[in-house]
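Going line by line, the protein sequences match chains A and B. Numbering (my numbering) for the first sequence: 1 to 163. Numbering (my numbering) for the second sequence: 164 to 326. For glycine and all other residues, C-beta sits at the position ideal for the given N, C-alpha and C.
Protein chains: 2
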Amino acid sequence: MSDLLAERDTWSMANCSIARTLEIVGTRTALLIMREAFFGTRRFDDFAKRVGVGEPAAAARLKELTAAGLLERVPYREPGQRTRHAYQLTRKGRDFLPVLVALRQWGDTWAADEQGPAVVVRHKDCGAEVRAALRCGEGHDVADGETYVDEGPGLLRVEPDAS
Amino acid sequence: MSDLLAERDTWSMANCSIARTLEIVGTRTALLIMREAFFGTRRFDDFAKRVGVGEPAAAARLKELTAAGLLERVPYREPGQRTRHAYQLTRKGRDFLPVLVALRQWGDTWAADEQGPAVVVRHKDCGAEVRAALRCGEGHDVADGETYVDEGPGLLRVEPDAS
DNA sequence: GAGCTGACTTACGAATACATAAGTCAGCCC
DNA sequence: GGGCTGACTTATGTATTCGTAAGTCAGCTC
């Protein structure tokens with residue numbers, strides 16, 4: 001275990017999963033649309049209205065999220081209505097829930113509304129509130145300060161700047 | 164337990180912890196600066212260089228993150244150098260780690276580089292990789308589809324649109 | 001087949017986020 | 001006390017993101 005943080009200038013984060021993720025959902029509206037999708041919203045107009053965003057912005061984000069595979073357009077038909085398309089979470093999109101839970105949790109803790117949170121996510125089996133927790137592969141809870149950064153297989157070594 | 168999702172139009176998300184959080188760290192560069200802060204970067208120039216962002220953008224984000232209380236400017240002094248200021252994570256900032264872990268994890272799973280992740284976060288005690296997991300207050304692991312949305316104390320009721 | 005409705009698209013302007021390049025400025029070293 | 005260096009700021013231009021308002025378009029219903 002070398003201390004990667006001490007030699008931070010010998011490697012680059014050009015290959016960064018966080019940056020790649022943000023290229024898909026890096027805008028405020030994209031994340032809020034994902035929030036609404038988890039609330040069960042499926043129709044175009046409802047996304048625009050409930051997120052509080054204009055239709056062009058909603059259309060652009062929905063198209064991006066669909067192209068990226070977090071949402072899929074599925075045809076549906078209400079009785080007496082014509083066939084329409086609904087936006088529905090894919091497995092890839094549902095797997096994004098921990099990010100939203102972590103964001104909401106941080107906001108509830110550190111930027112809370114005085115009234116308390118508007119909604120809470122609960123566990124179906126027991127009704128207890130769902131939280132995003134850090135845990136290691138051995139099953140231990142990971143508390144503040146108990147982590148270190150290690151080299152991964154995709155680490156990109158670079159020449160340290162002469163400066 | 165009423166079905167909030169079915170009556171989605173009777174309440175508003177004007178009071179939303181996710182949206183409030185995004186007003187602080189809702190930009191790509193703010194999140195990448197937080198990533199670098201967790202890597203131990205503390206100096207202005209290093210933030211700009213390592214995040215790959217121009218100095219004005221770095222200065223603006225660092226100022227916002229400091230004003231929001233995720234970072235703090237602490238004076239430091241290297242031998243033979245004058246006093247300078249370093250940007251250091253506060254408790255509020257360190258508590259943001261689950262968001263970054265969740266983002267990285269999603270990216271590693273769904274937008275992975277073929278080389279694998281550049282870095283991994285490990286648990287100090289055992290060296291096992293740290294993951295962001297959903298867990299309920301009773302300690303159960305929460306799997307895909309095992310959640311529901313419930314009313315919180317700050318829920319804002321609204322008149323459903325006539326439309 | 002005319003009207004209606006949901007689902008977008010187009011057009012245009014404002015605000016924000018970013019890059020590059022250059023300038024400022026404090027204070028330790030010599 | 002002049003130069004150097006790290007830490008910014010200022011200036012300017014561009015790209016992206018958003019708003020509002022209006023237009024298009026498909027395909028049921030009647």
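query = Under 8 angstroms, do A:VAL101 and A:GLN88 count as touching if we go by C-beta distance?
reply = Position 101 of the first sequence holds residue 101 of chain A. Position 88 of the first sequence holds residue 88 of chain A. No. Outside cutoff.
task = May I ask you to report which of helix, strand or coil DSSP gives A:VAL99?
result = The residue given as residue 99 of chain A occupies position 99 in the first sequence. Three-state result, A:VAL99: helix.
request  = Output yes if chain A places a C-beta closer than 8 angstroms to the C-beta of B:ARG252; else output no.
outcome  = By 1-based counting over the second sequence, the position of residue 252 of chain B is 89. A quick correction: the sequence has Leu, not Arg, at residue 252 of chain B. With 8 angstroms as the cut-off, B:LEU252 does not count as an interface residue toward chain A.
ask   = Under a three-way DSSP split, which group does A:GLN164 fall into?
value = In this structure chain A extends from 1 to 163, so residue 164 of chain A is not present and cannot be described.
ask   = Which residues in chain B sit within 7 angstroms of A:LEU156, going by Cβ to Cβ distance?
value = As a working note, residue 156 of chain A is residue 156 in the first sequence. Against chain B, the beta carbon of A:LEU156 has neighbours under 7 angstroms at ALA281, listed in chain order.
ask   = Looking at chain A, which residues of the stretch 258-272 of chain B have a Cβ within less than 9 angstroms of any of its Cβ atoms?
value = For chain A, the residues of the stretch 258-272 of chain B that bring a beta carbon within less than 9 angstroms of one of its beta carbons are ASP258, PHE259, LEU260, PRO261, VAL262, LEU263, VAL264, ALA265, LEU266, ARG267, GLN268, TRP269, GLY270, ASP271 and THR272, in chain order.
task = Establish whether the CB of A:ILE33 and some CB of chain B are separated by less than 8 angstroms.
result = By 1-based counting over the first sequence, the position of residue 33 of chain A is 33. For A:ILE33, the answer is no, since every Cβ of chain B falls outside 8 angstroms of its Cβ.
key: the stretch 288-305 of chain B: positions lying closer than 7 angstroms to chain A by Cβ   = ASP288, CYS289, ALA291, GLU292, VAL293, ARG294, ALA295, ALA296, LEU297, ARG298, CYS299, GLY300, GLU301, HIS303 and VAL305
key: Cα-Cα separation between B:GLN268 and A:ARG28, rounded to whole angstroms   = Position 105 of the second sequence, counting from 1, holds the residue named residue 268 of chain B. Position 28 of the first sequence, counting from 1, holds the residue named residue 28 of chain A. Answer to the nearest angstrom: the Cα atoms are 20 angstroms apart.
message = If the criterion is Cβ atoms closer than 8 angstroms, does the pair A:GLU36 and A:VAL51 meet it?
response = Within the first sequence, the letter at position 36 stands for residue 36 of chain A. Within the first sequence, the letter at position 51 stands for residue 51 of chain A. Going by C-beta atoms, A:GLU36 is nearer than 8 angstroms to A:VAL51.
query = Would you call B:THR173 buried or exposed, if buried means 16 or more other Cβ atoms sit within 10 Å of its Cβ?
reply = Position 10 of the second sequence, counted from the start, is the residue given in the question as residue 173 of chain B. Burial call: exposed.
message = Tell me the rounded alpha-carbon separation between A:GLY54 and A:LEU22.
response = Along the first sequence, one-based indexing puts residue 54 of chain A at 54. Along the first sequence, one-based indexing puts residue 22 of chain A at 22. So the two alpha carbons sit approximately 22 angstroms from each other.
query = In the DSSP assignment, what residue or residues form a beta bridge with B:CYS299?
reply = Here the question's residue 299 of chain B lines up with position 136 in the second sequence. Per DSSP, A:VAL130.
ask   = Taking the DSSP output, what are the residues bridged to A:VAL149?
value = Here residue 149 of chain A is taken as the residue at index 149 of the first sequence, counted from 1. When DSSP reads this structure, A:VAL149 sits in a beta bridge with B:VAL284.
ask   = With 8 angstroms set as the bound, which would you pick, yes or no: does the beta-carbon of B:TYR311 sit closer than that to a beta-carbon of chain A?
value = One-based indexing of the second sequence puts residue 311 of chain B at position 148. It does: the Cβ of B:TYR311 has a partner Cβ on chain A nearer than 8 angstroms.
ask   = Where does A:ASP141 sit, in a helix, a strand or coil, going by DSSP?
value = Taking the first sequence and counting its residues from 1, one reaches residue 141 of chain A at position 141. If DSSP states are grouped into helix, strand and coil, A:ASP141 belongs with the strands.
query = Does the distance from the C-beta atom of B:PRO219 to that of A:ALA132 stay below 8 angstroms?
reply = Numbered from 1 along the second sequence, position 56 holds the residue referred to as residue 219 of chain B. Numbered from 1 along the first sequence, position 132 holds the residue referred to as residue 132 of chain A. Cβ distance not < 8 angstroms, so B:PRO219 and A:ALA132 don't count as in contact.
task = Consider the Cβ of B:GLN278: report whether some Cβ of chain A lies at a distance smaller than 8 angstroms.
result = To locate residue 278 of chain B, count along the second sequence from 1; it is residue 115. True, the Cβ-Cβ gap to chain A drops below 8 angstroms.
query = How many angstroms separate the CA atom of A:ARG20 from the CA atom of B:GLY270?
reply = Counted from its first residue, the first sequence places residue 20 of chain A at position 20. Counted from its first residue, the second sequence places residue 270 of chain B at position 107. Roughly 7 angstroms separates the two Cα atoms.
inquiry  = Please classify B:LYS204 as buried or exposed, where buried requires at least 16 other C-beta atoms within 10 Å of its C-beta.
reply    = As a position in the second sequence, residue 204 of chain B is number 41, starting the count at 1. Looking at the sequence provided, one finds Thr at residue 204 of chain B rather than Lys. Per the 10 Å Cβ criterion, buried.
query = Is A:GLY152 buried or exposed, if buried means 16 or more other CB atoms sit within 10 Å of its CB?
reply = As a first step, residue 152 of chain A is located in the first sequence; it is residue number 152 there, counting from the start. Buried.
message = Taking contact to mean 3 or more Cβ pairs, one atom from each stretch, closer than 8 angstroms, check whether the stretch 278-293 of chain B and the stretch 123-130 of chain A are in contact.
response = Segments in contact, no.
Simplified DSSP state of B:THR159, which is helix, strand or coil = This structure cannot speak to residue 159 of chain B, because chain B is shown only from 164 to 326.
Chain A contact for B:ARG247 (CB, 8 angstroms cutoff) = Taking the first residue of the second sequence as 1, we reach residue 247 of chain B at position 84. For B:ARG247, the answer is no, since every Cβ of chain A falls outside 8 angstroms of its Cβ.
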